[in-house]
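Let me begin by presenting the structure, written as structure tokens, before commenting on it.
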Amino acid sequence: MNEEEKAAAPDDGDREFITESIRRLRSEREDMLFISFPGDEKSSGGCLAAGRGFFHINSHGGAEPCPVSAFSDINVKDTSLRAAIDSGLFAALRDGRILNEDHSGGCVLYEKKDQVEAIMKHLSV
Ligand code: SF4
51 MNEEEKAAAP DDGDREFITE SIRRLRSERE DMLFISFPGD EKSSGGCLAA GRGFFHINSH
111 GGAEPCPVSA FSDINVKDTS LRAAIDSGLF AALRDGRILN EDHSGGCVLY EKKDQVEAIM
171 KHLSV
């Protein structure tokens, strides 16, 4: 992570603010479902990206692990959602230890961007 990225990333105070805001919204609006990411990973046993809990489809059809991890090796214009969830990238991320690694409440795939890029390179995408 370079200095510019570090400056833009939420710090502990920002994370506490988000956590408290989500807690307040959940108590005020019990009829609604609020999902916070980054934020809910700790209480969910780790990162929920890459089909572990959800995945993201970008505006071009690329299936990405998460909106904040813009890597894709498969396009839903060419395949089914079931095939997309079993893509090489998603499978490698789920099979590896990255998603379950302890982290400080930030984004594990952002922090481990080099490892994600290495997987993409190995897949030759
Ligand atoms: S990729 Fe980052 S923001 Fe997305 S679910 Fe995983 S840890 Fe959270």
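To convert, take the position in the sequence shown, counting from 1, and add 50; that gives the numbering used here.
Ideal Cβ placement from N, Cα and C applies to all residues, glycine included.
| Check | Outcome |
| --- | --- |
| Does DSSP put S137 in a helix, a strand or coil? | coil |
| Since I believe L143 is in contact with P115 (beta carbons under 8 Å), could you give me their beta-carbon distance rounded to a whole number of angstroms? | 6 Å |
| Out of S122, E78, E54, S71, point me to the one whose CA is closest to G101's CA. | S122 |
| Taking only runs of the alpha helix (DSSP H) that begin and end inside the stretch 67-91, which ones reach a length of at least 4 residues, in chain order? | none |
| Might you give, ordered along the chain, the residues of its own chain that have their beta carbon closer than 7 Å to the beta carbon of I107, omitting 5 neighbours on each side? | A113, V126 |
| Rounded C-beta distance between L139 and L173? I'm assuming under 8 Å. | 6 Å |
| On a CA-only basis, which of P60, V175, C157 is nearest E91? Give me that one, please. | C157 |
| Below 8 Å CB to CB, which residues in the same chain sit around P60 once its five sequence neighbours on both sides are set aside? | I68, P88, G156 |
| What are the boundary residues of the alpha helix (DSSP H) that includes H110? | Segment: none, H110 is in no alpha helix (DSSP H) and carries neither H nor E. |
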